[in-house]
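S.K.: Numbering (numbering that gives the first Met the number 0), first residue to last: 0 to 664. For each residue, glycine too, the CB sits at the ideal point set by N, CA and C. One structure, pasted below without further comment.
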Amino acid sequence: MTAATDRSRRRSGAAGRHAWIAYPRRGRRGVRRWLPSWRLVLGGALTGVGALLGLFALVYSQVDIPSENALAKQESNVYYWADGSHMVSVGTVNRRNVPLDEVPVSLREAAIAAENADFYSDSGVSLRGIGRAVSSMAGGGEPQGGSTITQQYVKNTYLSQERTVSRKVKEFCIALKLDNRTSKDEILQGYLNTSWFGRGAYGIQAASNAYYGVDVTELDPSQSAFLAALLKGGNSYDPALSAANERRAQERWSWILDRQVELGVMRAAERARYTAFPMPLSRSVSTNLSGQTGYLVDLAKRYVKKRTGLTDADLDRGGYQIHTTFEKGAVRELERSVRGALDHGLDPEARREDRHAQVGAASVRPADGAVVAVYGGPDATEHFANNADTSGVPAGSVFKPFVLAAALEHGVRAKDGTTLRVSPESYYDTSGRLSAGVPALGGPGAVPPTPYGLPTTLRMATVLSSNATFRRLGADVGYRCVEDMAVAAGMLRSSMAPYDQEFPLGTSSPSAIRVATSYATFANDGVGHEPYSVTAVVRDGRRLAGLERPRGSRAMDKAVARSMTSVLSKGRLLAEADLGTDTAGSASVSATAVAGASTQQNETQRAAWFAGYTSELATAVTLFRSEPGGPLLPLVGLGKEESTRGSLFPTRIWYAYMGGVSATR
């Protein structure tokens, strides 16, 4: 074989070996020379697919399931009324996670029908969806849907909301891995707890409260279908935002119900029952702290911290379900009664004396000390101090019954050092000696009659709020003994004033909550309870310890408590006489014991009170005038009151509230 022949064969072999990629094509002429062969097309396609698979394998190996983002972990703290209904959600994110077994099956099926019918059988991703999304975003178009429930959960929980190709690829990889490592139920639970539903609601529990004002467990299949429609975009399907939204919401709601029938998860007969669109509330259930809500939340939060040891940092983590003792109807009735009395009797724009009037009120259940209602001020977001829990207002005459109770319980010291037993009919004669029994109207040692034509027994001195009698009685009983009685009944020792001759007249400054608690002790036959405002705190399904109902303790003998009820019942008669025809609501409470005391009108009066109780509720109302950060101002001239028993505003508020709330309990 010649050298030339050998070279020819080598060239021929090389040409054969490179025939797959011969381009332009040899042996072809014209356009055909430039058209790739099927071998070249197939080779290029296989090479491209191989490169993509290799790239995907590389990315898949590099991308792992990251930690949950901060937003996905955040929850609100949810406060509940005494009846278990939702009061308010507090936190930077309005969300409370719930386990899947608390989510109605109808809601789970509606969400799957609306978003991902093959959820339980797919691999966690949608190739068609990611292809459409990547193509759209790469071309600068609008983001496209098509993600599976798993992918949406990954986006909500592990990634940001940015709309980029790289984020979509990460979402795809993480969704595949998550589907292999996590059960479908866990993914569905996470998805329903992290999705945004509009109205500031994250998660199905917050959405249920925002749109229907109920717990998620109370949703019916029709309501569930509407909430599932919101998964496509709360701002586009919330009927409260526009008529167009309402039309879209109704169409998608109807389609979701039909889709469930098509998928076999709802019977046609059941679907036929849901013909009326379940219109949600016109606006979200309040999630702010305006009105009385802020005062209630503050009381409950402080009580929880005191009893459980939780810190502000702990509570800021969110996720706590706080069940309170506050009754929605009672809180609203108390607020209505306060505003009605003030709006009717005060004109701050026209009268300087009517400006800066403040009211604090509290209502406590005698049987166990539960705080049923408070009025802390006009609005917690504008008037920050809680008037129901302030300790800067002197109690005045509502303190005097505890002087008498101490006397009835312990007696008084006689001049010879012995202890003299006391009854409501005891009286001071003209010599200054405390005697037992009903005094005579004339003769040696008799007491001059009062303006009402009766001698001043301790019973009448209490009803008439006699300062002279109580100065002497307090000194005879002993200031320490009086203080101990008030504290045992429910007042705080830290609110007690220094001992002097005015101490028995109410220079101490207990809050309205503590005054109501102390009067509740009279109503409960002398057994007092610490006031409490929270019955339970739950987080992650576990109840926190330390919130057991406070036990009662005996503050005074039962006979003493019942004697006080008898004495204070006379206060009701005098209060109603002062109110005259303005006794709205009094008829419903006048059949039971009502204690009442108010401060006598004088130029130095800085506060007015009325406190009283029935067998079911003890309520205290205080009124004072104060500029922010300033001292208490005189009440003289407030509302043009002329009564010698002081301002009648607390009395009017008390009767209006107790009458109204008694009718609804």
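With distances taken from CA atoms, which of P220, I512, A340, L298 is nearest P686?
M.R.: The structure shown has nothing for residue 686, since the chain only spans 0 to 664.
S.K.: Between the beta-carbon of G105 and the beta-carbon of P277, is there less than 8 Å?
M.R.: Translated into positions along the sequence shown, residue 105 becomes position 106. Translated into positions along the sequence shown, residue 277 becomes position 278. Correcting the residue identity first, residue 105 is Ser in this sequence and not Gly. Taking 8 Å as the Cβ cut-off, S105 and P277 do not qualify as a contacting pair.
S.K.: Give every residue of the same chain whose Cβ lies closer than 7 Å to the Cβ of D475, excluding the five residues on either side of it in the sequence, and list them in chain order.
M.R.: As a working note, residue 475 is residue 476 in the sequence shown. So the list reads V411, R412, L433, once near-sequence residues are dropped.
S.K.: Nearest CA to the CA of V559: which residue from I652, F521, S241?
M.R.: Counting from 1 along the sequence shown, the entry for residue 559 is found at position 560. The shortest Cα separation from V559 among I652, F521, S241 belongs to F521.
S.K.: How many angstroms separate the CA atom of I255 from the CA atom of N115?
M.R.: For this step, residue 255 is matched to residue 256 along the sequence shown. For this step, residue 115 is matched to residue 116 along the sequence shown. About 12 Å.
S.K.: Which value, in whole angstroms, describes the spacing of the CA atoms of P103 and A227?
M.R.: Translated into the one-based positions of the sequence shown, residue 103 becomes position 104. Translated into the one-based positions of the sequence shown, residue 227 becomes position 228. Cα to Cα, P103 sits roughly 12 Å from A227.
S.K.: When the Cα atoms are used, what is the spatial distance from D100 to D214?
M.R.: Looking up residue 100 in the sequence shown gives position 101. Looking up residue 214 in the sequence shown gives position 215. Going from the Cα of D100 to the Cα of D214 covers about 13 Å.
S.K.: How would you call P76, buried or exposed, if buried means at least 16 neighbouring beta carbons within 10 angstroms?
M.R.: To locate residue 76, count along the sequence shown from 1; it is residue 77. Sequence check: residue 76 is Asn here, not Pro. Buried: at least 16 other Cβ atoms inside 10 Å.
S.K.: Please state whether DSSP places G527 in a helix, a strand or coil.
M.R.: Position 528 of the sequence shown, counting from 1, holds the residue named residue 527. Note: G527 maps to strand in three-state DSSP.
S.K.: Leaving out five residues before and five after N93 in sequence, what residues of the same chain have Cβ atoms less than 7 Å from its Cβ?
M.R.: Looking up residue 93 in the sequence shown gives position 94. So the qualifying residues of the chain are S75, G199, A200, Y201, A205, T286.
S.K.: With distances taken from CA atoms, which of A109, Y190, F171 is nearest I148?
M.R.: Counting from 1 along the sequence shown, the entry for residue 148 is found at position 149. When each option's Cα is compared against that of I148, the closest is Y190.
S.K.: Pull up the distance between the alpha-carbon of L175 and that of K169, whole angstroms please.
M.R.: Taking the sequence shown and counting its residues from 1, the one referred to as residue 175 is at position 176. Taking the sequence shown and counting its residues from 1, the one referred to as residue 169 is at position 170. About 10 Å.
S.K.: Which one of M484, S362, M563, T417 has the shortest CA to CA distance from A515?
M.R.: On the sequence shown, position 516 is the one that residue 515 refers to. Minimum Cα distance to A515 is reached at S362.
S.K.: Looking only at its chain, what residues have a beta carbon closer than 8 Å to the beta carbon of R470, apart from the 5 residues adjacent to it on each side?
M.R.: Your numbering for residue 470 matches position 471 in the sequence shown. The residues are Q500, E501, P503, L504.
S.K.: How many angstroms separate the CA atom of R670 from the CA atom of T292?
M.R.: Beyond the ends of the chain as shown, which are 0 and 664, falls residue 670; an answer cannot be given.
S.K.: Tell me the residue span of the alpha helix (DSSP H) that contains W252.
M.R.: Translated into positions along the sequence shown, residue 252 becomes position 253. Its alpha helix (DSSP H) spans residues 242 to 262.
S.K.: Using the rule of at least 16 other Cβ atoms within 10 Å of the residue's Cβ for burial, across every protein chain shown, is P627 buried or exposed?
M.R.: Taking the first residue of the sequence shown as 1, we reach residue 627 at position 628. By the 10 Å Cβ count, P627 comes out exposed.
S.K.: Kindly list the residues whose CB is nearer than 6 Å to the CB of P423, restricted to its own chain and excluding five residues on each side of it in sequence; keep chain order.
M.R.: For the purposes of this step, residue 423 is identified with residue 424 of the sequence shown, where counting begins at 1. Within the same chain, P423 has close Cβ partners L457, R458, S562, V566.
S.K.: Among the residues of its own chain, which have a CB less than 7 Å from the CB of T333, if the five just before and after it don't count?
M.R.: For this step, residue 333 is matched to residue 334 along the sequence shown. According to the sequence displayed, residue 333 carries Leu and not Thr. Within the same chain, and ignoring the five residues on either side of L333 in sequence, the residues whose Cβ sits closer than 7 Å to its Cβ are A360, S362, A372, Y374, Y656.
S.K.: With DSSP run on the structure shown, which of helix, strand or coil describes M665?
M.R.: Within the shown structure, residues of the chain are numbered from 0 to 664, placing residue 665 beyond reach of any answer.
S.K.: Determine the burial state of P142: buried for a count of at least 16 other Cβ atoms within 10 Å of its Cβ, exposed for fewer.
M.R.: Counting from 1 along the sequence shown, the entry for residue 142 is found at position 143. Confidence is the limiting factor: at P142 the pLDDT is only 43, short of 50, which leaves the residue's position unreliable, though a coordinate-based value still follows. Exposed, because fewer than 16 other Cβ atoms sit within 10 Å of the Cβ of P142.
S.K.: Please state if the CB of Q357 and the CB of G344 are separated by a distance shorter than 8 Å.
M.R.: By 1-based counting over the sequence shown, the position of residue 344 is 345. By 1-based counting over the sequence shown, the position of residue 357 is 358. Contact: no.
S.K.: Measure the Cβ-Cβ separation of S241 and D378 and say whether it is below 8 Å.
M.R.: Within the sequence shown, the letter at position 242 stands for residue 241. Within the sequence shown, the letter at position 379 stands for residue 378. The answer is no: Cβ separation not under 8 Å.
S.K.: Here's a check: name, in chain order, each residue in its chain whose Cβ is nearer than 6 Å to the Cβ of K154, leaving out the five neighbours to either side.
M.R.: Within the sequence shown, residue 154 is the residue found at index 155, counting from 1. Answer for K154: E170, listed in chain order.
S.K.: Quick one, are the C-beta atoms of F623 and A485 less than 8 Å apart?
M.R.: Position 624 of the sequence shown holds residue 623. Position 486 of the sequence shown holds residue 485. Result no, Cβ atoms of F623 and A485 do not sit closer than 8 Å.
S.K.: Considering only residues of the segment 359 to 393, which uninterrupted beta strand (DSSP E) runs meet the minimum length of 3 residues and lie entirely inside it, listed in chain order?
M.R.: 370 to 374
S.K.: Going by DSSP in three states, R651 sits in which element: helix, strand or coil?
M.R.: Stepping through the sequence shown from its first residue, residue 651 is reached at position 652. R651 falls in the helix class under three-state DSSP.
S.K.: The beta strand (DSSP E) that contains L622, what's its start and end?
M.R.: Walking along the sequence shown from the start, residue 622 turns up at place 623. 617 to 625 is the extent of the beta strand (DSSP E) around L622.
S.K.: Classify T461 as buried or exposed, calling it buried when 16 or more other Cβ atoms lie within 10 Å of its own Cβ.
M.R.: As a working note, residue 461 is residue 462 in the sequence shown. Label assigned to T461: buried.
S.K.: What does the alpha-carbon distance come out to for the pair S614 and V537?
M.R.: By 1-based counting over the sequence shown, the position of residue 614 is 615. By 1-based counting over the sequence shown, the position of residue 537 is 538. Their Cα atoms are separated by approximately 32 Å.
S.K.: Can you have a look at N523 and say buried or exposed, based on whether 16 or more other CB atoms are within 10 angstroms of its CB?
M.R.: As a working mapping, residue 523 is identified with position 524 in the sequence shown. Label assigned to N523: buried.
S.K.: Rounding to the nearest angstrom, what Cα-Cα distance links S587 and E547 in this structure?
M.R.: For the purposes of this step, residue 587 is taken as the residue at position 588 of the sequence shown. For the purposes of this step, residue 547 is taken as the residue at position 548 of the sequence shown. Because S587 sits at a pLDDT of 42, beneath the cut-off of 50, its placement in the model cannot be relied upon, and the following sentence gives the value as read from the coordinates. Taking the straight line joining both Cα atoms gives about 33 Å.
S.K.: With DSSP collapsed to three states, give me the class of A275.
M.R.: The sequence position of residue 275 within the sequence shown is 276, counting from 1. In this structure, A275 counts as coil in the three-state DSSP scheme.
S.K.: Taking the straight line between their C-alpha atoms, what separation do you get for R665 and S223?
M.R.: No answer is possible for residue 665: it lies beyond the span of the chain, which begins at 0 and ends at 664.
S.K.: In terms of residue numbering, what span does the alpha helix (DSSP H) encompassing V296 cover?
M.R.: Working through the sequence shown from its first residue, we reach residue 296 at position 297. Per DSSP, V296 belongs to the alpha helix (DSSP H) from 292 to 307.
S.K.: Since I believe H85 is in contact with G212 (beta carbons under 8 Å), could you give me their beta-carbon distance rounded to a whole number of angstroms?
M.R.: Reading the sequence shown from its first residue, position 213 is the one you call residue 212. Reading the sequence shown from its first residue, position 86 is the one you call residue 85. Between H85 and G212 the Cβ distance is about 7 Å, and since that is below 8 Å, they are a contact.
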